[in-house]
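**Q** Each number in the numbering used here corresponds to the 1-based position in the sequence shown with 1 added. Here you go, one structure.
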Amino acid sequence: MAAAAMPGKQSSLAAALVASTAVATLIIVSFNRRRARQLLARAKHAKRHRALEDGVLSLARRAAEFASSSDSWWLGWRRSGAPTLRIVPPEAVGISSARLTQITRWSDGWVAAGKLPGMLTMIARHGQVCYMHSSGYADVATKQPLTERTLMRMYSMTKPVVSVAAMILYERGLFQLDEPISKHLRCFARPVVMLDDGTTEPANREITFRDLLTHTSGLSYGDSDNRVDEMYEEAGCGWDMPNKMTLEEFVERLPTPPPAFP
Numbered sequence: 002m003a004a005a006a007m008p009g010k011q012s013s014l015a016a017a018l019v020a021s022t023a024v025a026t027l028i029i030v031s032f033n034r035r036r037a038r039q040l041l042a043r044a045k046h047a048k049r050h051r052a053l054e055d056g057v058l059s060l061a062r063r064a065a066e067f068a069s070s071s072d073s074w075w076l077g078w079r080r081s082g083a084p085t086l087r088i089v090p091p092e093a094v095g096i097s098s099a100r101l102t103q104i105t106r107w108s109d110g111w112v113a114a115g116k117l118p119g120m121l122t123m124i125a126r127h128g129q130v131c132y133m134h135s136s137g138y139a140d141v142a143t144k145q146p147l148t149e150r151t152l153m154r155m156y157s158m159t160k161p162v163v164s165v166a167a168m169i170l171y172e173r174g175l176f177q178l179d180e181p182i183s184k185h186l187r188c189f190a191r192p193v194v195m196l197d198d199g200t201t202e203p204a205n206r207e208i209t210f211r212d213l214l215t216h217t218s219g220l221s222y223g224d225s226d227n228r229v230d231e232m233y234e235e236a237g238c239g240w241d242m243p244n245k246m247t248l249e250e251f252v253e254r255l256p257t258p259p260p261a262f263p
């Protein structure tokens, strides 16, 4: 969703370039063919970028509305003291009950082997929950069982939301997986990498959308004790900084430190 962080001046330029499409035919008359093709390409790119930006903003609003409704549902669940979800027979939504027993055996086995203290699995299809199973403990020391009412901290839940939003935009043809993200965020152009001796040099290529979706971009959290993460703190884009500035400001600072890995 970083595309929504375009600087205002660039957004204005994009709008102006899109408008130039309407007079492109007049420009062709006045300039040579090569110049006309360049202007048309710029206008198309700006229109494409604007569509990408609008699409991300629209999906972000939907995600916020979903989060708000989910919070309301969760509060109602906790206050009532019982789950409000109705579990339907798996076959009612086209899932095999016999196959689901394999998930039960798998999760129970992981807990029994000591690989996890507890696990809660829930499966929904077509908006209906058809399977829920808990294994192990919420508190190993007190042997408190893990149940559907157990409060849990869930990490990295923005990643699937952003990834699904990105795939929707990809299906619409608004970006390509192997194109540099600097096409939409100019601040990521001309990246550098850090060598073993602590010096930096220009990277042999730029970060792509594929890199972002596969966690191979080299972007770090800025919360470790290595030199790169120290540079994140120095650049003002450490672990807690997204809560202290706008998304646009944070994204503009991110390219300052080199990637955590080339």
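Note that CB positions come from ideal geometry on N, CA and C, so glycine has one too.
Specify the secondary structure class of L152 as computed by DSSP and reduced to three states.
**A** It is coil, neither helix nor strand.
**Q** So what does DSSP say about Q145, is it helix, strand or coil?
**A** Strand.
**Q** Pairs of beta-carbons, one from the segment 242-253 and one from the segment 195-209, closer than 8 Å: are there three or more?
**A** These segments do not touch.
**Q** How about D224 and G237: are their beta carbons less than 8 Å apart?
**A** Their beta carbons are not under 8 Å apart, which means D224 does not touch G237 by this criterion.
**Q** In this structure, does DSSP put G110 in helix, strand or coil?
**A** It is helical.
**Q** Are S218 and D226 touching if we call contact CB-CB under 8 Å?
**A** In this structure, D226 does not lie closer than 8 Å to S218 by Cβ.
**Q** Go to Y132, then tell me how far its beta strand (DSSP E) extends in each direction, as first and last residue.
**A** It spans Q129 to D140 - the beta strand (DSSP E) in which Y132 sits, taken as one unbroken run.
**Q** Do P192 and P258 come within 8 Å of each other at the CB atom, strictly closer than that value?
**A** Result no, Cβ atoms of P258 and P192 do not sit closer than 8 Å.
**Q** Measuring straight from C-alpha to C-alpha, what distance separates V94 and R126?
**A** The alpha-carbon atoms of V94 and R126 are separated by roughly 6 Å.
**Q** What does the Cβ neighbour count give for N244, buried or exposed, with the cut at 16 atoms within 10 Å?
**A** Exposed.
**Q** Taking the alpha helix (DSSP H) that E235 falls in, what are its first and last residues?
**A** Segment R228 to E235, the alpha helix (DSSP H) holding E235.
**Q** Which term fits L175, buried or exposed, when burial requires 16 or more other beta carbons within 10 angstroms of its beta carbon?
**A** Result: buried.
**Q** Distance check for R254 and Y222, CA to CA, integer angstroms please.
**A** Cα-Cα distance, rounded: 13 Å.
**Q** Is the beta carbon of Y138 less than 8 Å from the beta carbon of L147?
**A** Closer than 8 Å, so yes.
**Q** Among L196, D179 and I208, which has the Cα closest to the Cα of A190?
**A** Taking only the C-alpha atoms, the option nearest A190 is I208.
**Q** What are the complete alpha helix (DSSP H) segments, minimum 4 residues, inside the segment 159-226?
**A** Within the segment 159-226, the complete alpha helix (DSSP H) runs of at least 4 residues are 159-172 and 210-214.
**Q** For K104, tell me which candidate among Y132, I88, L117 and G128 has the shortest Cα-Cα distance.
**A** One detail in the question is off: residue 104 reads as Ile in this sequence, not Lys. For I104, the nearest C-alpha among the options comes from Y132.
**Q** Go ahead and pull the three-state DSSP assignment for K245.
**A** DSSP places K245 in coil when its eight states are reduced to three.
**Q** Give me the residue from R106, D241, E149 and R228 with the minimum Cα distance to L86.
**A** Closest option to L86, Cα to Cα, is E149.
**Q** Which residue or residues does DSSP assign as beta-bridge partners of L121?
**A** Beta-bridge pairing links L121 to S135.
**Q** Using 8 Å for Cβ pairs, my map puts V162 next to S136. What's the rounded Cβ distance?
**A** The pair is not a contact, with the Cβ atoms about 27 Å apart (cut-off 8 Å).
**Q** Determine which residues share a DSSP beta bridge with I88 and list them.
**A** According to DSSP, which records beta bridges pairwise, I88 is partnered with V130.
**Q** Does P260 come out as helix, strand or coil in the three-state DSSP assignment?
**A** Correct three-state label for P260: coil.
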